[in-house]
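Participant: Numbering (this note's numbering), first residue to last: 7 to 417.
Beta carbons are placed, not taken as given, at the ideal position from N, Cα and C, and that holds for glycine.
I'd like to ask you about the structure that follows.
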Amino acid sequence: MAQDEWDLKMNDYPVVLTINCGSSSVKFSVLDAETCDVLLAGICEGINTEKAFLTVNSGEPVILAHQNYEEALSAIAAELEIRNLIDSVAFVGHRIAHGGSLFSESVLITDEVIEQIRQVSPLAPLHNYANLHGVESARTRFPDVPQVAVFDTSFHQTLKPEAYLYGLPYRYFEEYGVRRYGFHGTSHRYVSQQAGELPGLNPVNSGLVIAHLGNGASVCAVQNGESVDTSMGMTPLEGLIMGTRCGDVDFGAMAWLARQTQQSMDDLEQVVNKESGLLGLSGLSSDLRTLEKAWHDGDVRAQLAIKTFVHRIARTIGAHAASLNNFDGVIFTGGIGENSILIRRLVAERLRVFGIDLDIERNNQPNRIGQRIISSDSSAIVCAVIPTNEEKMIALDALHLGKECRITEYA
Ligand SMILES: Nc1ncnc2c1ncn2[C@@H]1O[C@H](COP(=O)(O)OP(=O)(O)O)[C@@H](O)[C@H]1O
Ligand SMILES: CCC(=O)OP(=O)(O)O
Ligand SMILES: [Mg+2]
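Laid out in structure tokens, this is it:
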């Protein structure tokens with residue numbers, strides 16, 4: 007693109023496109039490059055299944071002709087086209103789950119970066135390959151636009167060895183890089199920054215435990231804005247019970263199971279990633295909304311799944327408090343953390359031992375009111391909900407790096 011065309015683009019109405027390619031969905035948003043206000047957001051669901059559809063701005067879903075990433079990106083581009091936004095895309099930001107030890111911060115995407123991301127991808131099989139599909143489709147569609155990779159793992163680069171090492175022979179760390187990385191860092195980073203706006207939480211001296219509870223779920227201990235501990239590990243499987251992932255499990259149990267059932271490592275990897283968690287426990291669904299309904303209808307297995315999910319969250323929050331200098335706040339975020347009144351209430355009940363006292367009325371408020379305190383005024387620790395905004399963080403990084411790249415290009 008010539009410099010004058012670029013100037014026109016920047017002066018016109020520049021927007022940032024963010025893409026979060028998951029294993030079965032592509033989430034996207036378009037943000038105003040000046041204000042970072044969201045202009046358009048949507049999700050393509052059902053990728054690699056029999057029926058894929060696109061929903062924009064929570065409107066009516068539209069069925070896609072093909073169920074692959076290219077089709078999803080084409081449908082998203084068509085939505086931008088309808089709104090005359092396609093030529094305004096000045097930067098694209100991609101969510102990449104695993105950056106391994108190669109990426110400690112967001113980077114401009116090049117062929118070499120793609121190759122490096124590919125190398126660490128076996129460590130996040132549910133996420134990274136899908137993320138790379140998104141990168142490749144977007145590069146084809148927007149060849150002249152700088153593309154930036156924003157890693158879930160970056161925020162946890164501040165972990166000390168005692169938090170990131172496993173109790174394995176040290177040579178596995180030295181020779182194979184076996185260590186904990188942590189994920190959902192973009193969300194934990196955003197939420198910890200926002201927490202400073204809440205009364206009672208001093209932004210420069212605060213110890214927070216953030217519970218990101220979505221389909222994937224993790225807890226992070228944040229001391230004075232830095233991640234000091236987190237529940238996910240070398241892969242996004244460790245820690246909490248999730249939609250279809252088992253979280254922490256005794257390796258001895260898995261070895262025993264492998265011998266008893268003659269299942270291979272690959273078979274069991276499939277079981278722990280895709281057939282476990284809320285789905286595996288309930289035998290019903292990985293979706294908490296379905297399980298909550300079943301809980302109220304008296305479904306015993308759904309109740310057991312929810313109670314087990316809650317037990318693990320509370321226990322993990324308690325453990326993470328011990329990684330802080332001072333324990334000031336518990337913040338809920340993610341689809342479940344933001345919306346489920348039941349889960350927040352049950353978790354908070356388990357945390358009474360820390361002097362946490364939930365205000366029922368405050369907890370019952372809908373998520374549309376935005377960030378809010380849900381603990382009572384007499385609670386020893388502030389409890390709050392902060393809706394996450396990974397898209398904004400991705401857009402900010404894409405803007406920052408993309409602009410630098412343009413300046414270098416034309417210097
Ligand atoms: N109103 C709600 N009440 C309870 N759970 C909800 C509600 N809305 C969304 N959820 C749950 O949030 C989870 C998805 O969270 P989300 O953060 O969107 O996941 P992802 O990891 O795919 O980004 C699902 O289990 C869904 O059931
Ligand atoms: C990679 C961390 C994770 O679990 O992401 P998800 O919540 O989008 O599945
Ligand atoms: Mg998510």
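In the DSSP assignment, find the alpha helix (DSSP H) that holds residue 367 and state where it starts and stops.
Facilitator: Run containing residue 367: 366–369, per the alpha helix (DSSP H) assignment.
Participant: In the structure shown, what three-state DSSP assignment does residue 26 receive?
Facilitator: Residue 26 falls in the strand class under three-state DSSP.
Participant: Determine, using beta-carbon pairs with one atom in the segment 95–103 and one in the segment 384–404, whether at least three such pairs fall under 8 Å.
Facilitator: Judged by Cβ distances under 8 Å, the segment 95–103 makes contact with the segment 384–404, as three or more pairs qualify.
Participant: What separation, rounded to the nearest whole angstrom, lies between the Cα atoms of residue 186 and residue 89?
Facilitator: Using only the alpha carbons, I get a separation of about 43 Å.
Participant: If contacts are defined as beta-carbon pairs under 8 Å, then residue 188 and residue 171 qualify, I think. What distance do you get, rounded to the angstrom?
Facilitator: That belief does not hold up - the Cβ atoms of residue 188 and residue 171 are roughly 13 Å apart, past 8 Å.
Participant: Check residue 14 in the structure and name its three-state DSSP category.
Facilitator: Note on residue 14: pLDDT 42, under 50, position unreliable in the model; the coordinate value appears next. In this structure, residue 14 counts as helix in the three-state DSSP scheme.
Participant: According to the neighbour-count rule (16 or more other Cβ atoms, all chains shown, within 10 Å of its Cβ), is residue 349 buried or exposed?
Facilitator: That one is buried.
Participant: Regarding residue 220 and ligand 3, is the C-beta to nearest heavy atom distance less than 6 Å?
Facilitator: Yes; taking the cut-off as 6 Å, the Cβ of residue 220 has a heavy atom of ligand 3 nearer than that.
Participant: So, are the CB atoms of residue 253 and residue 247 less than 7 Å apart?
Facilitator: Taking 7 Å as the Cβ cut-off, residue 253 and residue 247 qualify as a contacting pair.
Participant: Determine, using beta carbons only, whether residue 155 and residue 25 come nearer to each other than 7 Å.
Facilitator: Cβ distance not < 7 Å, so residue 155 and residue 25 don't count as in contact.
Participant: When the Cα of residue 81 is compared with those of 93, 60, 226 and 194, which residue comes out closest?
Facilitator: When each option's Cα is compared against that of residue 81, the closest is 60.
Participant: With C-beta atoms as the reference, is residue 162 less than 7 Å away from residue 130?
Facilitator: Taking 7 Å as the Cβ cut-off, residue 162 and residue 130 do not qualify as a contacting pair.
Participant: Which same chain residues end up closer than 7 Å to residue 315 when comparing Cβ atoms and leaving out the 5 residues on each side of it in sequence?
Facilitator: These residues qualify, in order along the chain: 247 and 284.
Participant: Looking at the structure shown, is residue 293 part of a helix, part of a strand, or coil, going by DSSP?
Facilitator: The answer is coil: DSSP assigns residue 293 none of H, G, I, E or B.
Participant: Within 7 Å (strictly less), CB to CB, does residue 363 reach chain D?
Facilitator: No chain D is present in this structure, which holds just one protein chain.
Participant: Do residue 353 and residue 386 count as a contact pair if the criterion is CB distance below 7 Å?
Facilitator: No.
Participant: Are residue 218 and residue 224 touching if we call contact CB-CB under 7 Å?
Facilitator: Yes.
Participant: So what does DSSP say about residue 388, is it helix, strand or coil?
Facilitator: Note: residue 388 maps to strand in three-state DSSP.
Participant: Taking the alpha-carbon of residue 363 as reference, which of 345, 335 and 340 has the nearest alpha-carbon?
Facilitator: The option with the nearest alpha carbon to residue 363 is 335.
Participant: Cβ of residue 243 versus every heavy atom of ligand 1: is any distance shorter than 6 Å?
Facilitator: Not under cutoff, so the answer is no.
Participant: Expressed to the nearest angstrom, what Euclidean distance is found between the alpha-carbon atoms of residue 116 and residue 107?
Facilitator: Distance between the alpha carbons of residue 116 and residue 107: 18 Å.
Participant: Using DSSP bridges, identify the partner residues of residue 235.
Facilitator: 227.
Participant: If you measure from the CB of residue 235, is any heavy atom of ligand 1 nearer than 6 Å?
Facilitator: Flag unset: Cβ of residue 235 not near ligand 1.
Participant: For residue 389 versus residue 380, is the C-beta distance shorter than 7 Å?
Facilitator: Contact flag set, yes.
Participant: Rounded to whole angstroms, what's the CA-CA distance from residue 230 to residue 167? Just pull it up for me.
Facilitator: Using only the alpha carbons, I get a separation of about 19 Å.
Participant: Run the proximity test for residue 256: is its beta-carbon closer than 6 Å to any non-hydrogen atom belonging to ligand 1?
Facilitator: No, ligand 1 has no heavy atom inside 6 Å of this Cβ.
Participant: By DSSP, does residue 53 sit in helix, in strand, or in coil?
Facilitator: Note: residue 53 maps to coil in three-state DSSP.
Participant: Using C-beta distances below 8 Å, list every residue in its chain close to residue 17, excluding the 5 sequence neighbours before and after it, in chain order.
Facilitator: Low confidence applies to residue 17: its pLDDT is 46, below 50, so where it sits in the model is not reliable, and the reading given next is rough at best. Excluding residues within five positions, none has a Cβ falling inside 8 Å.
Participant: Ligand 2 heavy atoms versus the CB of residue 302: any closer than 6 Å?
Facilitator: No, ligand 2 has no heavy atom inside 6 Å of this Cβ.
Participant: What's the gap between the Cα of residue 184 and the Cα of residue 177?
Facilitator: Going from the Cα of residue 184 to the Cα of residue 177 covers about 9 Å.
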